[in-house]
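**Q** Sequential numbering from -12 applies to the sequence shown in this note's numbering.
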Amino acid sequence: LASAGRHEVKEFMDALAINLDDATNIFSLLDRNMDGMVDVVEFVQGMEKLRGEAKSSDIHMLIMQCQHILDMASRIEGLPQRMRGATGF
């Protein structure tokens, strides 16, 4: 987010009451191909997805999905130990 250092960008962010952390997070969400730039297509598609408010059910579904991913990561992390125990090494 190199452009955040430009004076006119800072003024624009200040006028919209967007702090640098929020802008960085939004940029990361919009930069779908992770090339460090947000083109017009990425911007429009990303902003369409960010439009509106999150419903409570959306938030709870996201929490459940995150918990599922964390559970899977924990099981994967313990896999080498279980494999060593099964082979006797």
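Note that beta-carbon positions come from the ideal geometry of N, C-alpha and C, so glycine has one too.
Since this is a predicted model, take the numbers as computed values, not measurements.
Using three-state DSSP, classify G(-8) as helix, strand or coil.
**A** Helix at G(-8).
**Q** When you compare only the Cα positions, how much space is there between A41 and S61?
**A** Rounded to the nearest angstrom, the two C-alpha atoms are 29 angstroms apart.
**Q** If I follow the unbroken alpha helix (DSSP H) through N12, where does it start and stop?
**A** Unbroken alpha helix (DSSP H) run through N12: 7 to 17.
**Q** Rank A2, F(-1), G33, E(-2) by C-alpha distance to the C-alpha of N12 and give the top, closest one.
**A** Ranking the options by Cα distance to N12, first place goes to G33.
**Q** Between R(-7) and M0, what straight-line distance do the alpha-carbon atoms span, to the nearest angstrom?
**A** Taking the straight line from one Cα to the other gives about 11 angstroms.
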